[in-house]
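Colleague: Starting off with a structure, shown below.
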Amino acid sequence: MDTIAPLWLWFFFGGSVLAALFVDFVVLRKQGAHDVSVKEAINWSLVWVALSLAFNGLFWWAIKDSTGSTELANTRALEFLTGYLIEKSLAVDNIFVFLMIFTYFSVPTAYQKRVLMYGIIGAIVLRTVMILVGSYLIAQFHWVLYVFGAFLLITGIKMWWAAGQEPDLESNPALKLLRRTMPVSKNFDGERFFTVENGKRVATPLLLVIALIGMTDVIFAVDSIPAIFAITDDPFIVLTSNIFAILGLRAMYFLLAAMATKFHLLSYGLAVVLAFIGTKMLLIDIIKIPVLVSLGAVVVILAATMVLSLHTAPKISKNSEN
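Residue numbers for the sequence shown follow full-length UniProt numbering, beginning at 1 and rising by one.
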């Protein structure tokens with residue numbers, strides 16, 4: 001893999017992720033099953049964002065130290081920030097799907113934290129594999145960029161048309177497959193993934209939820225990973241920006257779950273972001289769109305969508321009551 005990051009930074013990144021997961025698991029075990037308050041979600045979200053920005057600062061210093069170029073360090077650090085913001089933004093739509101899954105299975109809020117923790121570990125492993133494979137394909141076959149670009153553009157258009165519609169989880173093929181492949185009990189057994197029912201060992205709905213969330217994350221990763229590759233060709237930046245955004249996903253979920261209805265237009269904004277990035281990829285050999293322009297476009301689109309959502313929310317709530 002062709003990357004500008006020094007080898008020691010790769011080891012530092014891996015160690016940081018393992019340390020963060022270890023601390024998170026220790027805190028999770030100490031707290032036990034409990035409802036996560038908005039205040040706790042905000043505090044943890046700030047911690048994860050601060051760690052991500054601190055790592056980006058270290059990344060900037062490492063590039064400047066190894067190459068002696070401040071301009072190159074600025075460019076690469078900006079690529080990390082843009083990729084991080086894109087992944088965070090697309091994770092919002094992912095979170096709304098998680099919320100739908102939890103609601104559908106009536107998962108108690110006290111158990112959701114454990115489910116998301118295991119889901120994050122699975123996402124880190126699967127996304128790492130997908131990013132390494134994607135970077136190899138792009139390095140060997142330049143035309144793959146056009147495939148990714150067309151896919152993102154089509155996905156953006158489909159997301160626009162599907163925005164505002166209630167997804168039908170009952171007809172989800174992944175859910176049907178899971179139900180056919182594993183016997184599932186009707187009731188939860190605390191935070192356990194397996195229980196004994198009629199003398200037989202069966203899975204609890206909690207295990208089914210984890211599997212479904214893992215499948216959902218892979219589907220979303222197919223969108224987000226090519227989107228970050230449209231910003232940078234460095235696999236280290238794609239991987240680190242993606243993983244750091246994923247690490248804060250659990251806290252972000254509990255933060256947004258309380259205000260999901262307030263950003264009802266966000267899917268439209270995400271659709272425009274995907275279409276923009278897909279177009280950027282398709283034009284990569286014709287027009288070079290600067291990273292700063294891409295970052296500005298993503299920020300403006302998302303900010304405008306959120307402002308419009310807040311502005312129109314009272315009217316929509318009133319109509320829904322009628």
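C-beta atoms are modelled at their ideal positions from N, C-alpha and C, and glycine is treated no differently.
Buried or exposed for Asn-43, going by 16 or more other Cβ atoms inside 10 Å?
Modeller: Residue numbering aside, residue 43 sits at position 43 when the sequence shown is read from its first letter. Classification of Asn-43: exposed, given that the 10 Å Cβ count is below 16.
Colleague: Can you give me the start and stop residues for the beta strand (DSSP E) that Glu-191 sits inside?
Modeller: Position 191 of the sequence shown holds residue 191. Element bounds for Glu-191: n/a, residue is neither H nor E.
Colleague: Whole angstroms is fine: what's the gap from Ala-123's alpha carbon to Asn-198's?
Modeller: The sequence position of residue 123 within the sequence shown is 123, counting from 1. The sequence position of residue 198 within the sequence shown is 198, counting from 1. Taking the straight line joining both Cα atoms gives about 34 Å.
Colleague: Would you kindly check if the distance between the Cβ of Ile-231 and the Cβ of Ile-277 is under 9 Å?
Modeller: Locating residue 277 in the sequence shown gives position 277, counting from the first residue. Locating residue 231 in the sequence shown gives position 231, counting from the first residue. Going by C-beta atoms, Ile-277 is nearer than 9 Å to Ile-231.
Colleague: Kindly indicate which residue of Phe-80, Asp-234, Ser-66, Leu-90 has the alpha-carbon position closest to the one of Ala-54.
Modeller: By 1-based counting over the sequence shown, the position of residue 54 is 54. For Ala-54, the nearest C-alpha among the options comes from Phe-80.
Colleague: Would you be able to state if there are at least three C-beta pairs under 8 Å between the region 267–281 and the region 148–161?
Modeller: Yes: at least three Cβ pairs fall under 8 Å.
Colleague: Kindly list the residues whose CB is nearer than 6 Å to the CB of Val-144, restricted to its own chain and excluding five residues on each side of it in sequence; keep chain order.
Modeller: Residue numbering aside, residue 144 sits at position 144 when the sequence shown is read from its first letter. Closer than 6 Å at the Cβ level, and outside the excluded window around Val-144, lie Leu-137, Ile-138.
Colleague: If you follow the alpha helix (DSSP H) that Ala-54 is in, where does it begin and where does it stop?
Modeller: For this step, residue 54 is matched to residue 54 along the sequence shown. Per DSSP, Ala-54 belongs to the alpha helix (DSSP H) from 38–67.
Colleague: Once the 5 residues before and after Ala-20 are set aside, which same chain residues still bring their CB inside 8 Å of it?
Modeller: By one-based count along the sequence shown, residue 20 stands at place 20. If we look at Ala-20 and ignore the five residues flanking it on each side, its Cβ neighbours are Leu-51, Leu-247.
Colleague: Apart from the five residues just before and just after Ile-95, which ones in its own chain have a Cβ nearer than 6 Å to its Cβ?
Modeller: Position 95 of the sequence shown, counting from 1, holds the residue named residue 95. Contacts found: Tyr-253, Leu-256.
Colleague: Hey, out of Ala-91, Val-222, Leu-208, whose CA is closest to Gly-134's CA?
Modeller: Locating residue 134 in the sequence shown gives position 134, counting from the first residue. Measuring from the Cα of Gly-134, the nearest candidate turns out to be Val-222.
Colleague: Can you list, in chain order, the residues of its chain with a C-beta nearer than 7 Å to that of Trp-61? Leave out the 5 residues immediately preceding and following it.
Modeller: Sequence index remark: in the sequence shown, residue 61 carries index 61 (1-based). Cβ neighbours of Trp-61 beyond the five flanking positions: none.
Colleague: Can you give me the Cβ contacts of Met-130 inside the same chain, cut-off strictly under 7 Å, excluding the 5 residues immediately before and after it?
Modeller: On the sequence shown, residue 130 is found 130 positions in, with the first residue counted as 1. Result list for Met-130: Ala-221, Ile-225, in chain order.
Colleague: Determine the contact status of Gly-119 and Asp-217, defining contact as a CB-CB distance below 9 Å.
Modeller: Reading the sequence shown from its first residue, position 119 is the one you call residue 119. Reading the sequence shown from its first residue, position 217 is the one you call residue 217. In this structure, Asp-217 lies closer than 9 Å to Gly-119 by Cβ.
Colleague: Between which two residues does the beta strand (DSSP E) holding Lys-200 run?
Modeller: The residue given as residue 200 occupies position 200 in the sequence shown. Unbroken beta strand (DSSP E) run through Lys-200: 200–203.
Colleague: Using CA coordinates, which residue listed in Ser-241, Ile-301, Phe-194 is at the minimum distance from Trp-202?
Modeller: The residue given as residue 202 occupies position 202 in the sequence shown. The amino acid occupying residue 202 in the given sequence is Val; Trp does not appear at that position. Of the listed residues, the one whose Cα sits closest to Val-202 is Phe-194.
Colleague: Does Asp-65 pass the burial test, meaning 16 or more other C-beta atoms within 10 Å, or should it be called exposed?
Modeller: What you label residue 65 is simply residue 65 of the sequence shown in a count that begins at 1. Exposed, since its Cβ has fewer than 16 Cβ neighbours within 10 Å.
Colleague: Should Ser-69 be labelled buried (16 or more other beta-carbon atoms within 10 Å of its own) or exposed?
Modeller: Working through the sequence shown from its first residue, we reach residue 69 at position 69. Burial call: exposed.
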